[in-house]
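By the UniProt record's numbering, the letter at position 134 of the sequence shown is numbered 134, and the numbering carries on one by one without gaps. Heads up, the beta-carbon is just placed ideally off N, CA and C, and yes, glycines get one too.
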Amino acid sequence: MLQPYVRPGIDDRPDLDKALSPEDKAAVARLAIKDRRLPPEPSADQPEAQAVRLASAGTSAAAAAAASVDTPAPDMASAYLDMRDPMIASNGEKPDARKVSRLNWGFFIASMLVGAPWVALNGIAVPNMVARLSHYDTASAVPVTINPATGRPLPVATDLAMPLAVLVVVGVIAAMFSMPLVSALSDRTRVVFGRRTPWMVAGGLLCALTTLILGQDTSIIVLCIFWAFMQFAYAMLSVPLASSISERVPDKFRPRIERWHGIGVMLAQAIGMCLGAFGVMFDAGTSFTTIAAIFALSGILSVLILPKEPSSQEQPRVVMDGDAVLGQLKFPAHAPAFARVFAARTLMMAGVGMTGVFLWYLVRFWVYGKAVVLTSAPMTIPAGFLIIAMAVATLIGAALASWAAGPISEWIEEKGVPTAQVVAASCLLYAFGLALVWGLGVWSTGAARENGMIAFALISGFAFGLYDALGLELVMDSLPDPRTAGHDLGVYALANSAGLALAAIVGALLVNGFESSFGYYLLFPAGIVLVLLAGITTLLSAGSTD
Numbered sequence: 001m002l003q004p005y006v007r008p009g010i011d012d013r014p015d016l017d018k019a020l021s022p023e024d025k026a027a028v029a030r031l032a033i034k035d036r037r038l039p040p041e042p043s044a045d046q047p048e049a050q051a052v053r054l055a056s057a058g059t060s061a062a063a064a065a066a067a068s069v070d071t072p073a074p075d076m077a078s079a080y081l082d083m084r085d086p087m088i089a090s091n092g093e094k095p096d097a098r099k100v101s102r103l104n105w106g107f108f109i110a111s112m113l114v115g116a117p118w119v120a121l122n123g124i125a126v127p128n129m130v131a132r133l134s135h136y137d138t139a140s141a142v143p144v145t146i147n148p149a150t151g152r153p154l155p156v157a158t159d160l161a162m163p164l165a166v167l168v169v170v171g172v173i174a175a176m177f178s179m180p181l182v183s184a185l186s187d188r189t190r191v192v193f194g195r196r197t198p199w200m201v202a203g204g205l206l207c208a209l210t211t212l213i214l215g216q217d218t219s220i221i222v223l224c225i226f227w228a229f230m231q232f233a234y235a236m237l238s239v240p241l242a243s244s245i246s247e248r249v250p251d252k253f254r255p256r257i258e259r260w261h262g263i264g265v266m267l268a269q270a271i272g273m274c275l276g277a278f279g280v281m282f283d284a285g286t287s288f289t290t291i292a293a294i295f296a297l298s299g300i301l302s303v304l305i306l307p308k309e310p311s312s313q314e315q316p317r318v319v320m321d322g323d324a325v326l327g328q329l330k331f332p333a334h335a336p337a338f339a340r341v342f343a344a345r346t347l348m349m350a351g352v353g354m355t356g357v358f359l360w361y362l363v364r365f366w367v368y369g370k371a372v373v374l375t376s377a378p379m380t381i382p383a384g385f386l387i388i389a390m391a392v393a394t395l396i397g398a399a400l401a402s403w404a405a406g407p408i409s410e411w412i413e414e415k416g417v418p419t420a421q422v423v424a425a426s427c428l429l430y431a432f433g434l435a436l437v438w439g440l441g442v443w444s445t446g447a448a449r450e451n452g453m454i455a456f457a458l459i460s461g462f463a464f465g466l467y468d469a470l471g472l473e474l475v476m477d478s479l480p481d482p483r484t485a486g487h488d489l490g491v492y493a494l495a496n497s498a499g500l501a502l503a504a505i506v507g508a509l510l511v512n513g514f515e516s517s518f519g520y521y522l523l524f525p526a527g528i529v530l531v532l533l534a535g536i537t538t539l540l541s542a543g544s545t546d
C-alpha cells in the first residue's frame, strides 16, 4: 500500500504542544519576545485635537480654522516626519474615498449638531431663565416693580447681571475640570464600540436631560448646580468629537476636514443664536425642549453619520491617576513668551465677553429699555429679531475674515510686516466697533441703536476672525517645546475661560453700580479698554518671540 509522501522538514516536524513538557514550555516562554503594545497617545497630548477644541470655542476661532492660513500645530507624531503612510490615520485605519467623504461631511454636520444647541443655551435661553427666576418680566414694555403676590419690590434690570455672572463663573470652573477628566476617561475606555462613540452618545442624552431640568422654574442655586453638571455632560459630547478628528483622519486629508469643521462651527453659532432668539420670542419653555431634542439627537446622529469606530478592547490598560487630569492644567514653566500670548488672549476674550455674556440683556434692556410701544406685542419679539440680525452679521463678518486671512497673510510675508502689528490692528478695529455702537447708543435711541448693534456685529465678527487667524502664528511661535505642543495648546485654550470669567465679574460689578437699566452701557467702554490692552500686550509679546 502506498504511503503519502512526507515532506522533509515540513510534515515530519513534531507537534511542540505534545512533544514539550510543561517545564520546556515555560523555558521557551521565558526566552520569547514579549509583544507589549504601547497605549495610544492621550488626546490631551495631541496638538491637532487641541487645535480643534480651540476652533470650537467660537465663531472667530472657527473662522481661523476655515481660513487658508498655513499655521499648523507642531505635531511631532505627524506621518510627514517619518516613513509612515500619510493616508493612514493614527489609529491604524486606512479609509477609502467613501469613508473620507463620510468623515468630511460627518464632522461638518456633527459640529453643527453639537454646537448650535450649546450656543442657544449659553447666549439666550439661560440668561432669559435667570431673569425668569428673578421674577423679571422680559416680555413687558414696562415691567411691574412690585410683586403682587408678596408686595415686595422686584429686581430692576441691572440686578440680573450679578446672578448671571455667578452662573458663568460656576460654569467656567466646572468646565475647567470636566474637560480634562472626560479626556482622560475616554482615552481609557476599552469597549467594542470604540473609545469615543459611547461618550458621544451618552453625552448627548445627558445634555438633553440636564437641559430639561434647567428649563424648570426652580431657583438660582439649583440652576447653578445643574449648570455645573451641564458642563460635564457637554464635555462628554464635545471632547471625544474633537479627539476623533485627530485620531481618525489621516494627515493627508486633515486640513480639508478641519476647514469644513470650522465652517460648521461658524454656522452653528448663527443657527444657535437664531434658535435661542425664536425660543424667547414665542415660548421660552419650548426653547429648552427644542434644545434638549437636538442634544439628544446630536450624539446619536454624529455616530451614525461617521464611519464605525474600531473596537478599543485590545487597547492596553492605562492606570488612571490624578496627574492625568490635573497635569493638563499645569502651566508651562520658564515660558515668558507663552505667558504674554496667554495674557493677551485672556484680555481679548474679556473684552469680547463684555458684550457676549450680557448680549441678551444689552439688546432687551439697553436697546429696547425705553422703546416707544405702539402695539401690545411682547418686547421680546423685536429683541429676538435684532439678535437674529446680529447673528447673521457676525457670520458674514467671520466669513469675510476667513476669506481675507489668506491674502493678508501672504501680504505680511511679502512686505515683511510684523504679524503682531496686524493682530494689534485687528484689536483696534474691534475697539472701533465697540466705540461706534456705544456712541450711537449714548447720543441716540431707537433705530440708531439697532443699526449700531448690527454694524458692531459685522465689524466684531471680521476683526475677531482676523485676530484668531493671524494671531495663531504668534501662538505657535510662543510654544516653549514642540514636543509638548498638545499640552501647551490645551493650556492656551484656558485663556478663553479665564477671559469669560473676568468679563462676567467686571461686567456685573459695573452694571450693578447703576439703578437704571441703562447701566449696561458701561460694558462698551470697559470692553474697549480690555481690547486695547490685548492689542498692547500682543505687541509686547511679539518682541519676546522674535
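Residue i (DSSP reduced to helix, strand or coil)
i, result
"I10", "coil"
"S478", "helix"
"I454", "helix"
"G513", "coil"
"G92", "coil"
"T189", "coil"
"V318", "coil"
"M162", "helix"
"Q216", "coil"
"K330", "coil"
"L523", "helix"
"residue 553", "As shown, the chain starts at 1 and ends at 546. That puts residue 553 outside it, with no answer to give."
"S311", "coil"
"D15", "coil"
"S21", "coil"
"I408", "helix"
"D488", "helix"
"S134", "coil"
Residue closest to residue i, alpha-carbon to alpha-carbon, out of the options
i, options, result
"L458", "L474, E473, F432, D477", "F432"
"A120", "G276, M379, P382", "G276"
"L472", "L54, E258, L167", "L54"
"L470", "I412, D17, L181", "I412"
"M281", "L500, W227, I387, L474", "I387"
"A463", "L440, L479, N451, L434", "L434"
"G203", "A235, G327, M273", "A235"
"L359", "F229, V126, T197", "V126"
"A383", "V367, A19, L395", "V367"
"L540", "R340, E48, A110", "R340"
"I536", "M179, L428, A44, M87", "L428"
"P117", "M230, I221, A333, R317", "M230"
"M379", "S426, V437, F278, E410", "F278"
C-alpha distance - residue i paired with residue j, whole-angstrom precision
i, j, result
"M453", "G397", "13 Å"
"A455", "P336", "37 Å"
"A495", "M390", "25 Å"
"G507", "V423", "25 Å"
"L347", "S311", "43 Å"
"I173", "S219", "20 Å"
"I300", "L133", "32 Å"
"A32", "A420", "58 Å"
"R305", "V239", "Residue identity check: residue 305 is Ile in the sequence provided, not Arg. Looking at the two C-alpha atoms, the distance is approximately 18 Å."
"A161", "G353", "13 Å"
"I408", "G499", "27 Å"
"D15", "S21", "12 Å"
"R13", "R30", "23 Å"
"L329", "V357", "24 Å"
Where residue i falls, given that 16 or more other Cβ within 10 Å makes a residue buried
i, result
"E309", "buried"
"D321", "exposed"
"H487", "buried"
"R483", "exposed"
"E414", "exposed"
"I124", "buried"
"Q3", "exposed"
"L522", "buried"
"E314", "exposed"
"I528", "buried"
"T286", "exposed"
"Q216", "exposed"
"D481", "exposed"
"A405", "buried"
"V531", "buried"
"P316", "exposed"
Three or more beta-carbon pairs under 8 Å between the segment 184-194 and the segment 254-272, yes or no? no
Are the segment 204-216 and the segment 290-298 touching, with three or more C-beta to C-beta distances below 8 Å? yes
Between the segment 92-109 and the segment 243-257, are three or more C-beta pairs nearer than 8 Å? yes
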